[in-house]
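Colleague: Once you've had a glance at the structure underneath, I'll fire off some questions.
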Amino acid sequence: MLDKALEHLVRGIVDYPDDVSIKERHGHRGTTLEVRVHPDDLGRVIGRSGRTAKALRTVINALAAPDNIRVDLIES
Numbered sequence: 674m675l676d677k678a679l680e681h682l683v684r685g686i687v688d689y690p691d692d693v694s695i696k697e698r699h700g701h702r703g704t705t706l707e708v709r710v711h712p713d714d715l716g717r718v719i720g721r722s723g724r725t726a727k728a729l730r731t732v733i734n735a736l737a738a739p740d741n742i743r744v745d746l747i748e749s
């Protein structure tokens with residue numbers, strides 16, 4: 674569910690929504706959601722001084738309050 678919510682949010686702010694992919698990884702530090710976007714969209718997803726990325730992390734962390742979820746942004 675969290676991956677679909679994050680994908681929906683990211684697709685709304687990028688120019689190439691078809692290039693957005695979310696990969697869920699489970700590790701010793703908890704679950705990590707990797708966001709892959711088109712190289713031209715990376716700046717849009719990160720935002721000025723990382724504000725957009727921080728806002729995305731805040732929303733996902735609020736949805737996953739009891740879980741240990743991290744969000745990583747990766748250029749594809």
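Numbering (this note's numbering), first residue to last: 674 to 749. Just so you know, even glycine gets a beta-carbon here, dropped at the ideal spot from N, CA and C.
(1) Checking the sheet assignment: what are the DSSP bridge partners for G703?
(2) For D714, count neighbouring Cβ atoms within 10 angstroms of its own Cβ and tell me buried if that reaches 16, exposed if not.
(3) Compute the Euclidean distance between the alpha carbons of R684 and P690, then round it to the nearest angstrom.
(4) Assign I719 to one of three DSSP states: helix, strand, or coil.
(5) Which partner residues does I742 have in the DSSP bridge list?
(6) First and last residue of the alpha helix (DSSP H) that includes D676?
Modeller: On the basis of the data shown:
(1) Beta-bridge pairing links G703 to G700.
(2) Buried: at least 16 other Cβ atoms inside 10 Å.
(3) Their backbone Cα atoms lie some 5 Å apart in a straight line.
(4) Of the three classes helix, strand and coil, the one that applies to I719 here is helix, per DSSP.
(5) DSSP lists T704 as the beta-bridge partner residues of I742.
(6) Run containing D676: 675-684, per the alpha helix (DSSP H) assignment.
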